[in-house]
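Just so we're aligned: the sequence shown equals residues 563 to 919 in the numbering used here.
Ideal Cβ positions, reconstructed from N, Cα and C, are used throughout, including at glycine.
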Amino acid sequence: MRVVTKVILLAIAIASVCLIANPVPGTQLEIPSTSLRSLASQQGFLIGSAVGDKILEKDWQYREVLAREFNSLTTENEVKFIIVHPERDRYDFTRPDALVKFAQDHNMTMRGHTIVWFHSLPRWLTENQFTRDEMKEILRDHIQTLVGHYRGQVQHWDVVNEPLGSDGSLRDNLWMRAIGPEYIDLAFRWAHEADPDAKLYLSEYGEGLNSKADSLYLLAKELKERGVSIDGVGFQTHIGFLSANDPKEVAENMKRFNEIGLEIVITEMDVPVTQFSGTLEEKLAQQADIYRYFLRICLEAPNCNTLNMWGFTDRYTWLKSFLGTVKDPLIFDFNYRPKPAYYAMTEELKSHLNKSN
């Protein structure tokens with residue numbers, strides 16, 4: 563794990579490289595001279611994106627940019643309960659298998675998101691009545707079948723996603739009602755049994771200095787004190803929507819997790835430009851600064867070596883379906899042209915690499 567005391571942003575001249583505005587099938591994309599992946603890999607850092615299997619299958623440009631720019635791949639929806647366990651006695655790994663194969667073919671680290679969540683559950687689970695023991699057995703079988711299927715192939719798992727409510731208390735959900743708070747400990751135990759070499763994480767939003775972040779810290783600390791096999795915490799980092807946008811606060815939060823021996827991963831970052839004022843050019847510059855500063859605090863923190871975004875092109879963003887608008891939150895535009903945020907991140911990676919050397 564790196565220990566870096568200070569990173570000074572260097573003045574780096576980067577040639578502006580234009581992509582084809584309206585590429586057509588069979589046309590090779592022009593590419594930046596240095597990729598995020600190359601710069602990150604040289605310093606043992608993971609830079610990644612959430613990926614959807616349907617998009618991966620249909621869009622050659624998406625595949626090309628993904629393989630070139632990233633060394634880490636996160637399943638966007640493909641390992642969620644409703645996808646892989648559609649019936650009580652039937653599993654279907656077709657969709658995540660496609661993502662795992664792509665990651666293996668392109669030498670990418672694989673992150674499974676997510677094993678246990680209150681959302682995306684099949685009707686056979688939510689609309690039937692089960693005893694506590696039955697629910698524990700369903701959860702155990704689900705976790706060990708899923709993680710066991712990808713043993714040695716998925717290196718990182720978001721084991722429990724969003725266990726806290728907005729007030730910091732444990733969220734009232736199906737698992738809490740059926741099993742109680744113990745479901746979190748059990749989920750980590752069963753995941754570790756299924757793949758002892760995989761790294762296991764909690765995932766949450768609200769990563770600044772606030773009461774919810776305090777509750778997340780205490781939850782992770784108590785899990786570790788109880789001997790639960792937890793490696794770290796994922797900070798989702800949906801800037802301006804579900805998360806704090808002050809990198810200084812997030813950096814302070816990272817420090818206290820480091821003090822108890824837990825890693826931090828930025829897991830789902832995106833930065834909608836609609837939260838900023840000014841011209842489009844000014845909004846894109848502010849967006850670039852946010853990406854730069856969050857990358858910087860992760861590079862500087864001894865317990866953070868991964869920054870994953872929730873997508874990489876404005877052509878495909880979850881905000882379009884969730885909020886009904888695109889909001890241009892990612893580092894490539896609709897036509898796969900690198901935005902100022904992309905170049906801000908390459909500058910930051912170059913600066914850190916030069917400083918380390």
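Quiz item: For N815, which residues of its own chain have a beta-carbon under 7 Å away from its beta-carbon, when the five flanking residues on both sides are left out?
Solution: Position 253 of the sequence shown, counted from the first residue, corresponds to residue 815. Correct list, in chain order: E769, G770, L771, A775.
Quiz item: Going by the beta-carbon positions, is the gap between L824 and G794 smaller than 8 Å?
Solution: Working through the sequence shown from its first residue, we reach residue 824 at position 262. Working through the sequence shown from its first residue, we reach residue 794 at position 232. Against a cut-off of 8 Å, the Cβ pair of G794 and L824 comes out as a contact.
Quiz item: Contact between the segment 638 to 657 and the segment 675 to 691: three or more CB pairs below 8 Å?
Solution: For the pair of segments examined, the segment 638 to 657 was found to touch the segment 675 to 691: the number of CB pairs separated by less than 8 Å reaches three.
Self-check item: Boundaries of the alpha helix (DSSP H) in which N815 is found, first to last residue
Solution: Walking along the sequence shown from the start, residue 815 turns up at place 253. Following the DSSP letters along the chain, one finds N815 inside the alpha helix (DSSP H) bounded by residues 809 to 821.
Self-check item: Residues sharing a beta bridge with R652, DSSP
Solution: Here the question's residue 652 lines up with position 90 in the sequence shown. For R652, which the question treats as bridged, DSSP gives the partners E649.
Quiz item: Roughly how many whole angstroms lie between the Cα atoms of K761 and H647?
Solution: Reading the sequence shown from its first residue, position 199 is the one you call residue 761. Reading the sequence shown from its first residue, position 85 is the one you call residue 647. K761 and H647: Cα-Cα distance of roughly 22 Å.
Quiz item: Does the pairing of the segment 839 to 854 with the segment 897 to 908 give three or more beta-carbon distances under 8 Å?
Solution: Yes, since at least three Cβ pairs between the segment 839 to 854 and the segment 897 to 908 fall closer than 8 Å, the two stretches touch.
Quiz item: How should L780 be labelled, buried or exposed, when 16 other C-beta atoms within 10 angstroms of its C-beta is the threshold for buried?
Solution: Within the sequence shown, residue 780 is the residue found at index 218, counting from 1. Counting every other CB atom within 10 Å of its CB across the protein chains shown gives L780 a total below 16, marking it as exposed.
Practice problem: Compute the beta-carbon to beta-carbon distance between L598 and E626, rounded to the nearest angstrom, for a pair I have assumed lies under 8 Å. | Solution: Reading the sequence shown from its first residue, position 36 is the one you call residue 598. Reading the sequence shown from its first residue, position 64 is the one you call residue 626. The Cβ separation is near 14 Å, so there is no contact.
Quiz item: Where do the N-terminal and C-terminal ends of the alpha helix (DSSP H) with N916 fall, by residue?
Solution: For this step, residue 916 is matched to residue 354 along the sequence shown. For N916, the uninterrupted alpha helix (DSSP H) segment begins and ends at 902 to 918.
Practice problem: Report the partner residues of C866 according to the DSSP bridge assignment. | Solution: Sequence index remark: in the sequence shown, residue 866 carries index 304 (1-based). DSSP, once it has assigned bridges, lists I826 as partnering C866.
Self-check item: For A612, three-class secondary structure by DSSP
Solution: Translated into positions along the sequence shown, residue 612 becomes position 50. Strand.
Quiz item: When the Cα atoms are used, what is the spatial distance from R858 to N919?
Solution: Here residue 858 corresponds to residue number 296 of the sequence shown, with the count starting at 1. Here residue 919 corresponds to residue number 357 of the sequence shown, with the count starting at 1. If you take the alpha carbons of R858 and N919, they lie about 17 Å apart.
Practice problem: Would you give the residue range spanned by the alpha helix (DSSP H) that R625 belongs to? | Solution: To locate residue 625, count along the sequence shown from 1; it is residue 63. Its alpha helix (DSSP H) spans residues 622 to 631.
Quiz item: What residue from L701, N820, I893 has the CA that sits closest to W872's CA?
Solution: As a working note, residue 872 is residue 310 in the sequence shown. Considering only alpha carbons, the answer is I893.
Quiz item: What residue ranges within the segment 725 to 776 form continuous alpha helix (DSSP H) runs of no fewer than 4 residues, ordered along the chain?
Solution: For the segment 725 to 776, whole alpha helix (DSSP H) runs of length 4 or above, ordered along the chain, are 736 to 740, 744 to 756.
Quiz item: Is E910 buried or exposed, if buried means 16 or more other CB atoms sit within 10 Å of its CB?
Solution: Taking the first residue of the sequence shown as position 1, residue 910 is located at position 348. Buried, because 16 or more other Cβ atoms sit within 10 Å of the Cβ of E910.
Quiz item: Hey, is the segment 853 to 868 in contact with the segment 806 to 813, meaning 3+ C-beta pairs nearer than 8 Å?
Solution: The answer is yes - the segment 806 to 813 touches the segment 853 to 868, with three or more Cβ pairs under 8 Å.
Exercise. Given a cut-off of 8 Å, decide if D747 and I677 are closer than it, judged by their beta-carbon atoms.
Key: As a working mapping, residue 677 is identified with position 115 in the sequence shown. As a working mapping, residue 747 is identified with position 185 in the sequence shown. No, the pair does not count as a contact, with Cβ atoms beyond the cut-off.
Exercise. Can you say whether T908 is buried or exposed, counting buried as having 16 or more other CB atoms within 10 angstroms of its CB?
Key: The residue given as residue 908 occupies position 346 in the sequence shown. So T908 counts as buried.
Quiz item: Per DSSP, what kind of secondary structure is R538 in: helix, strand or coil?
Solution: Lying before the first or after the last residue shown, residue 538 is absent from the chain, which here runs from 563 to 919.
Quiz prompt | Q604 vs L869 beta-carbon contact at 8 Å | solution = For the purposes of this step, residue 604 is taken as residue 42 along the sequence shown, with counting starting at 1. For the purposes of this step, residue 869 is taken as residue 307 along the sequence shown, with counting starting at 1. Result no, Cβ atoms of Q604 and L869 do not sit closer than 8 Å.
Self-check item: R673 - containing alpha helix (DSSP H), residue span
Solution: The count along the sequence shown starts at 1 and reaches residue 673 at position 111. R673 -> not in any alpha helix (DSSP H); beta strand (DSSP E) instead, spanning 671 to 678.
Self-check item: Of the listed residues D759, C866, T836, nearest to R818 (C-alpha basis)
Solution: Looking up residue 818 in the sequence shown gives position 256. It is C866.
Exercise. Reducing DSSP to helix, strand and coil, say where T875 ends up.
Key: As a first step, residue 875 must be located in the sequence shown, where it is residue number 313. Of the three classes helix, strand and coil, the one that applies to T875 here is strand, per DSSP.
Quiz item: If you scan the segment 831 to 865 from start to end, which runs of the alpha helix (DSSP H) of 4 or more residues do you find wholly inside it?
Solution: With a minimum length of 4 residues, the continuous alpha helix (DSSP H) runs that stay inside the segment 831 to 865 are 842 to 862.
Quiz item: For the candidate residues I828, S777, T688, D703, whose alpha-carbon lies nearest to that of E755?
Solution: Numbered from its first residue, the sequence shown carries residue 755 at position 193. That would be D703, whose Cα lies nearest to the Cα of E755.
Self-check item: Selected residue, minimal CA-CA separation from V709, among W622, N633, A753, I822
Solution: Position 147 of the sequence shown holds residue 709. Considering only alpha carbons, the answer is A753.
Quiz item: Is the CB-CB distance between V790 and R751 below 8 Å?
Solution: Counting from 1 along the sequence shown, the entry for residue 790 is found at position 228. Counting from 1 along the sequence shown, the entry for residue 751 is found at position 189. Cβ atoms of V790 and R751: closer than 8 Å.
Practice problem: Can you grab the Cα-Cα spacing for the pair K917 / I609, in whole Å? | Solution: Here residue 917 refers to the residue found at position 355 when the sequence shown is read from its first residue. Here residue 609 refers to the residue found at position 47 when the sequence shown is read from its first residue. Inter-residue distance for K917 and I609 is about 19 Å (C-alpha atoms, whole angstroms).
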